[in-house]
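Asker:
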């Protein structure tokens, strides 16, 4: 399908007449945890080769796939210095791109991981007072990796969670759980009230836990039903007066009470391993996964107990989605297939409206702003689309650098972590 670039002047003319309230991007997938921004003037055009739309570009030392987070005039990002085997937290000036400080969090041997993972993949979170980070610390004892097709040896270890203030001072560091996975570590902290919630799905005794955000003390820890790796970040919503924390992993989809870790409801299956986070539109939660089988589902969250047969409103097996998290815009769910295709589903009944190749491969999760969906291909090409019964491409924007991290939008600016640089895009 041909891009409809004629929409750009019209969109720009409409957008400049509206003022949006500045919004931080405080953690994984933004302020609502679903990839959504309230920006009414999000960037639509940029080109890293010509410099169009690039406000600044800063080289980030080390390697990492974690997203940048933004709070007012500060940006935070984590990385791993491969030579020193050190995981680090970096603070930048969000307006200028200047690195303000860099702190070593842990020094530990480089763990075994999936080729598309990194040693710093857990997106930090902040409440404007402290920054919370999480990494994996490998131990010294080598074992045969569980749940893999071909035999290999790995080093089990521990989850590490730490808190820093805005001057770079460490406030606390804890190691609240064991962890083992041949694919590495990629958990993201979620802030809820005075809790820091971290998912510990792995190939051993899996769990999810909540820490006191001021001290790091474990407040609750819920054992998972199965010991198998998944990398999903929970999504928290209040629905009909009941707080629900919903996520997939450990061979099921589950809703927990974020205050206590107690189970509200569960959908068994539909597969073993999950990576993409879920989204919610006020009616249904939408899940896309996984491995070894692939699924897209719409789930009514108003049940209790085992709702496998009663509350799955629709279920599609048409798309091989796994890593990128989707977005829901109006009556459409946009799902990216890792292999480079995009899919548009009706949220009402799960019928697929269209399927088209929009990239070479997708690792980054989707964003949405002002009714548009942003899809970031691994080769650095971003395509902006307008959801509908037919595909409508609004813009195509090259970065000329690989993108594996999910970008962020704050203050009407787009922050993209490339393989080597952090970019700020806007006007």
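Residue numbers (the working numbering): 9 to 435.
Heads up, the beta-carbon is just placed ideally off N, CA and C, and yes, glycines get one too.
#1: Kindly indicate the opening and closing residues of the beta strand (DSSP E) around residue 66.
#2: Residue ranges of each beta strand (DSSP E) run of no fewer than 3 residues wholly in the region 352–414, ordered along the chain?
#3: What does a CB cutoff of less than 6 Å around residue 188 pick up in its chain, not counting 5 residues either side in sequence?
#4: Relative to the ligand SAH, is the shortest distance from any of its heavy atoms to the C-beta of residue 124 smaller than 7 Å?
#5: With distance defined between alpha-carbon atoms, name the residue in 399, 247, 291 and 325 nearest to residue 299.
#6: Relative to the C-alpha of residue 247, which candidate in 290, 235, 277 and 214 has its C-alpha closest?
#7: In angstroms with no decimal places, state the Cα-to-Cα distance between residue 71 and residue 127.
#8: How would you call residue 372, buried or exposed, if buried means at least 16 neighbouring beta carbons within 10 angstroms?
#9: Classify residue 44 as helix, strand or coil using the three-state DSSP reduction.
#10: Given this structure, state the Cα-to-Cα distance separating residue 35 from residue 77, to the nearest angstrom.
#11: Please look up how many angstroms separate the CB atoms of residue 358 and residue 306, rounded, as I've assumed it's under 8 Å.
#12: Is residue 263 helix, strand or coil when you go by DSSP?
#13: Using the Cα positions of residue 315 and residue 274, report the straight-line distance between them to the nearest angstrom.
#14: To which residues of the same chain is residue 54 closer than 7 Å at the C-beta, ignoring the five residues directly before and after it?
#15: Are residue 46 and residue 81 closer than 8 Å when you measure CB to CB?
#16: Buried or exposed: where does residue 191 fall if 16 or more other Cβ atoms within 10 Å of its Cβ makes it buried?
#17: Taking residue 162 and residue 151 to be in contact with their CB atoms under 8 Å, please state how far apart those CB atoms are, rounded to whole angstroms.
Answerer: The answer reads as follows:
#1: Looking up residue 66 in the chain shown gives position 58. Its beta strand (DSSP E) spans residues 62–67.
#2: 360–365, 375–377, 380–384, 389–394 and 400–406
#3: Here residue 188 refers to the residue found at position 180 when the chain shown is read from its first residue. Within the same chain, residue 188 has close Cβ partners 164, 210, 211 and 212.
#4: As for the ligand SAH, it is missing from this structure, which has no ligand bound.
#5: Indexing the chain shown from 1 puts residue 299 at position 291. It is 325 whose Cα lies nearest to the Cα of residue 299.
#6: Translated into positions along the chain shown, residue 247 becomes position 239. Ranking the options by Cα distance to residue 247, first place goes to 290.
#7: For this step, residue 71 is matched to residue 63 along the chain shown. For this step, residue 127 is matched to residue 119 along the chain shown. Looking at the two C-alpha atoms, the distance is approximately 7 Å.
#8: As a first step, residue 372 must be located in the chain shown, where it is residue number 364. Its Cβ being crowded by 16 or more others within 10 Å, residue 372 is buried.
#9: Along the chain shown, one-based indexing puts residue 44 at 36. Residue 44: strand per DSSP, three-state reduction.
#10: The sequence position of residue 35 within the chain shown is 27, counting from 1. The sequence position of residue 77 within the chain shown is 69, counting from 1. Each residue's alpha carbon lies about 6 Å from the other.
#11: In the chain shown, residue 358 corresponds to position 350, counting from 1. In the chain shown, residue 306 corresponds to position 298, counting from 1. The C-beta distance from residue 358 to residue 306 rounds to 6 Å, short enough to fall under 8 Å.
#12: Residue 263 sits at position 255 when you count from the first residue of the chain shown. Collapsing the DSSP output to three states places residue 263 in a strand.
#13: Counting from 1 along the chain shown, the entry for residue 315 is found at position 307. Counting from 1 along the chain shown, the entry for residue 274 is found at position 266. Those two C-alpha atoms are separated by around 6 Å.
#14: Counted from its first residue, the chain shown places residue 54 at position 46. Correct list, in chain order: 60, 61, 62, 405 and 433.
#15: Taking the chain shown and counting its residues from 1, one reaches residue 46 at position 38. Taking the chain shown and counting its residues from 1, one reaches residue 81 at position 73. No, Cβ-Cβ distance for residue 46 and residue 81 is not below 8 Å.
#16: Residue 191 sits at position 183 when you count from the first residue of the chain shown. Counting Cβ neighbours within 10 Å, residue 191 comes out buried, since at least 16 surround it.
#17: Locating residue 162 in the chain shown gives position 154, where the first residue counts as 1. Locating residue 151 in the chain shown gives position 143, where the first residue counts as 1. Sure, about 7 Å apart at Cβ, within 8 Å.
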